[in-house]
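Keeping their order, the protein sequence lines are chains B and R.
Numbering-wise (the working numbering), the first sequence opens with residue 675 and increments by one.
Numbering-wise (the working numbering), the second sequence opens with residue 10 and increments by one.
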Amino acid sequence: MLDDFFLRALVAGVGVALVAGPLGCFIVWRRLAYFGDTLSHAALLGVALAFLLEVNITLSVFAVCLAISILLMGLQRRGSLSSDALLGLLAHSALALGLVCLAFLSWVRIDLMGFLFGDILAVSVFDIAVIYAGGAAVLAVLAFIWRPLFAATVSRELAEAEGLNPDAANAVFMLLMATVIALSMKIVGVLLITALLIIPAAAARRLASGPEQMAVYAALIGALAVIGGLFGSLRFDTPSGPSIVVAALALFLLGMTPVGALLRRFTTPHGGGGGAR
Amino acid sequence: MTLAAAARAGAGAPPLVRLENAGLYRDGRWLVRGVDLTVARGEIVTLIGPNGSGKSTSAKMALGIARPDEGAAHRAPGLKVGYVPQKLAIDWTLPLTVDRLMRLTGPLPAGAAHEALERTGVAHLVGAEVRHLSGGEFQRALLARAIARKPDLLVLDEPVQGVDFSGESALYELISAIRAELGCGILLISHDLHVVMSATDHVICLNGHVCCTGAPSAVAGSAAYQQLFGGRANAALAVYEHHHDHVHLADGRVRHADGSITDHCHPADGHHHHGHAHAEGAAETDEAGHA
């Protein structure tokens, strides 16, 4: 049944969204959107290196993302530039380096648009296996470090004082980010990975009354966006990545309408937060 | 006092946490330096001092959040800590109810969260989102979270900030009661001198270094303390009786009740815990040492 390219894309996309949602919540909570952007832009450099060294693309992207996040943490510690300037520098130099490298590789014929905006045609059964195995591993690890990671998100000092080792949780989180970016690249493309991480989480925020609930909703909203976006992409012959992001945006906007208010009443036990009155 | 005395009597028991000459250096200056403090089971130790005097920094070194750049910090192995930080901002993107906040750093037995919230007077807010709480309500929830863990060591950094006047004393009474119930050690940071003086076993007065230290009545009488807190100090002082068991002589040495004279009165030598007074102008200050 996975012979159909469209079905393969759907299965792969939903798999990615289910992982991206919970992780995206932490990106929203910790205000790491720009950090996510930096990593995903660096993914293109990973693609170039994969062609150059003739290694697996997903693996290469993962390695580059990990290297960039370690580099970033090191540079931040030295504190010579502000965080956002550093991120901008790394994001765009990695993207530019990737593009220049790819241009030099004149002997390989690659579809650059596919890497930038996602390419549903490129999803193979092997990709699906990688996405689901990697995704399951990411979710399992995330569940394992959930408490220290969430406590450190609320207050690093509190988590540290009460013996939760937030630094280890943060380091593992970086690892998970790199994994998810490597997994999502084929579906939404380098330029829009952060959107897949952030928009479902932002939409879920309006519906959720607890962090765990928000993570689940973000996963579901992301999956819906993938399904809607891919059908739209097929129907209107648009690139898959942008179509998925547009669908996610539509869901986010839907959450702000009376429909969202209704859903909220339905999902939160206290009638939409408050409760203090 | 009796619990603390008992804790002191069992001198064999190691303290929960101990700072030895600890100091933290940041951005070209010492935030605090030369801090010696111990908190034993059943004891309330309070840090007082003006803004920027290193109270929170000292507490963070004791907690292990900040590693001292000089000196050392020791914590008892397996120490269970409850911490109320001075500042905690909850981002609006975080959907966090009071109930979830209670379980932030570890699971709680059934009913423990409710019981603790009841005691701090905010049980009715259990389902409320944290960002909708008032400053005082949030402080109460944070205190409830810390005590619900049944910790060995409670570290409370200005735990009653934003709490209304009548609520303050009730919360301090609660803190004393918790100490008696759990037998935990408490490291308290407070601005409220009256409370510090009435509910504390041991006071450490900071101003970038340890200015004076000892039982509340003794510290209240010291010149260094008077200098730091001025008129307010006298008002607080009037409430307390004095037991002088040793005197700081004009040359900086200390004469104890038994007639012996020593060069210093170190917090660990035991003399301080029975209260002492400083002779005018010769309080246990050590400005010169850290100037």
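For glycine and all other residues, C-beta sits at the position ideal for the given N, C-alpha and C.
- Shown here, residue 836 of chain B sits in coil according to DSSP, grouped into three states, outside any helix or strand.
- Close CB contacts of residue 698 of chain B within its chain, under the 7 Å cut and outside five residues either way in sequence, are with 871, 872, 874, 875 and 892 (chain order).
- Using beta-carbon distances, residue 868 of chain B does not count as an interface residue toward chain R, since no partner is under 9 Å.
- Under the Cβ distance rule, residue 173 of chain R does not count among the residues neighbouring chain B, no pair being separated by less than 9 Å.
- Of the candidates B/703, B/718 and B/681, B/718 places its Cα closest to the Cα of residue 852 of chain B.
- DSSP assignment within the region 53-128 of chain R yields the following whole alpha helix (DSSP H) runs of 4 residues or more, N-terminal first: 64-72, 107-111 and 121-128.
- In terms of Cβ geometry, residue 707 of chain B and residue 765 of chain B do not form a close pair [threshold 9 Å].
- The three-state secondary structure of residue 204 of chain R, taken from DSSP, is helix.
- Measuring C-alpha to C-alpha distances from residue 165 of chain R to each of R/186, R/114, R/196 and R/159 identifies R/196 as the nearest.
- In the three-state reduction of the DSSP assignment, residue 222 of chain R falls in the strand class.
- The beta-carbon of residue 874 of chain B is placed no less than 9 Å from the nearest beta-carbon of chain R.
- Taking a contact as a CB-CB distance under 8 Å, the pair residue 859 of chain B and residue 685 of chain B does not count as one, their CB atoms being some 17 Å apart.
- Residue pairing from DSSP places residue 211 of chain R in a beta bridge opposite R/54.
- Note that the C-beta distance between residue 43 of chain R and residue 200 of chain R is not below 9 Å.
- When secondary structure is reduced to three states using DSSP, residue 732 of chain B falls in the helix class.
- Rounded to whole angstroms, residue 714 of chain B and residue 863 of chain B show a C-alpha spacing of 9 Å.
- Just so you know, the alpha carbons of residue 207 of chain R and residue 225 of chain R end up roughly 8 Å apart.
- With a minimum length of 4 residues, the unbroken runs of alpha helix (DSSP H) contained wholly in the region 756-823 of chain B fall at 757-778 and 786-791.
- Under the DSSP assignment, residue 44 of chain R falls in the beta strand (DSSP E) whose first and last residues are 38-48.
- Judged by DSSP secondary structure, residue 863 of chain B falls outside any alpha helix (DSSP H); it is assigned neither H nor E.
- At a cut-off of 9 Å between beta-carbon atoms, residue 114 of chain R makes contact with chain B.
- Of all residues in the region 699-729 of chain B, the ones placed with a Cβ closer than 8 Å to any Cβ belonging to chain R are 702, 703 and 705, in chain order.
- Counting the other CB atoms within 10 Å of its CB gives residue 211 of chain R a total of 16 or more, which places it among the buried residues.
- For the region 836-855 of chain B, residues whose beta-carbon sits nearer than 7 Å to a beta-carbon of chain R comprise 836, 837 and 838.
- Around the beta carbon of residue 70 of chain R, a 10 Å sphere encloses 16 or more other beta carbons of the protein chains shown; the residue is thus reported as buried.
- In the DSSP annotation of this structure, the continuous segment of the beta strand (DSSP E) that includes residue 26 of chain R starts and ends at 26-35.
- Excluding the 5 residues flanking it on each side, residue 132 of chain R has same chain C-beta neighbours closer than 8 Å at 123 and 126, in chain order.
- Among the bridge pairs identified by DSSP, residue 196 of chain R is matched with R/54 and R/164.
- With respect to chain B, the C-beta atom of residue 54 of chain R has no partner C-beta closer than 9 Å.
- Annotation for residue 182 of chain R: the continuous alpha helix (DSSP H) segment containing it runs 174-191.
- Note on residue 129 of chain R: 16 or more other CB atoms within 10 angstroms of its CB, so buried under the neighbour-count rule.
- Taking 7 Å as the cut-off between beta carbons, none of the residues of the region 734-752 of chain B comes near chain R.
- In the DSSP assignment, residue 886 of chain B falls within the unbroken alpha helix (DSSP H) covering 885-910.
- Within the region 42-66 of chain R, not one residue has a Cβ closer than 7 Å to any Cβ of chain B.
- By the neighbour-count criterion, in which 16 or more other beta carbons inside 10 Å mark a residue as buried, residue 856 of chain B falls on the buried side.
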